[in-house]
Amino acid sequence: MNIEQTVSAAVAGLQLGNTFTFDNLRHTVQDRRHRRLRIVELADLDAHDGLCAALLSTAAEDFVLHARSDSALHRQQFVLHELAHMILGHCDGDDCTVDEALLPNIPPHTRARLLTRQDLDSETEIAAESLADRLAAGIRGAVFAESAYSEVFG
Numbered sequence: 611m612n613i614e615q616t617v618s619a620a621v622a623g624l625q626l627g628n629t630f631t632f633d634n635l636r637h638t639v640q641d642r643r644h645r646r647l648r649i650v651e652l653a654d655l656d657a658h659d660g661l662c663a664a665l666l667s668t669a670a671e672d673f674v675l676h677a678r679s680d681s682a683l684h685r686q687q688f689v690l691h692e693l694a695h696m697i698l699g700h701c702d703g704d705d706c707t708v709d710e711a712l713l714p715n716i717p718p719h720t721r722a723r724l725l726t727r728q729d730l731d732s733e734t735e736i737a738a739e740s741l742a743d744r745l746a747a748g749i750r751g752a753v754f755a756e757s758a759y760s761e762v763f764g
């Protein structure tokens, strides 16, 4: 996998342009996946334990569950990383199934995502983080463009 090509193709496929808001991105992901996307902060999820966010999918909705952070940018990166997995199609279908006997009370896609996340050096994790960075840059660009900075310093 050429990660840069994969990420560039994913960004182009979103058809959001170079700058966009988080809400634009969220609506685009919802529309592409044909399901509601809910983003939920879990007070009991602690990023210090190594799990910053998780993706849960049901037949009708996707959930991005994320840890609390005092930094809005850090929280955004948690969420963008999980959105990147959705955009890149990681764990769609039966590609990431995990035996139910291992974790019987957790839905199959959730088990797969939680266990897959442990390999932070995998191509899928690197691609998701790279795409999350590109998405963050697009959002920052939109915020920057809306500010008076360009009027004063431009």
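Quick note on numbering: the sequence shown equals residues 611 to 764 in our numbering. Glycine is no exception: its CB is placed at the ideal position from the N, C-alpha and C atoms.
For residue i, three-class secondary structure by DSSP
i: H700; result: coil
i: L626; result: coil
Inter-residue spacing [alpha-carbon to alpha-carbon] between residue i and residue j
i: C662; j: A622; result: 27 Å
i: F688; j: L675; result: 9 Å
i: D654; j: L626; result: 34 Å
i: S679; j: D633; result: 20 Å
i: V650; j: L635; result: 16 Å
i: N628; j: T616; result: 17 Å
i: D672; j: V753; result: 26 Å
Cβ-based burial, residue i [other Cβ within 10 Å; buried from 16]
i: R685; result: buried
i: A682; result: exposed
i: D702; result: exposed
i: T668; result: exposed
Restricting to runs no shorter than 4 residues, where is the alpha helix (DSSP H) found entirely within the segment 640-673? Runs of the alpha helix (DSSP H) inside the segment 640-673: none found.
Quick test of the definition: if touching needs 3 or more C-beta pairs under 8 Å, does the segment 686-698 touch the segment 733-747? yes
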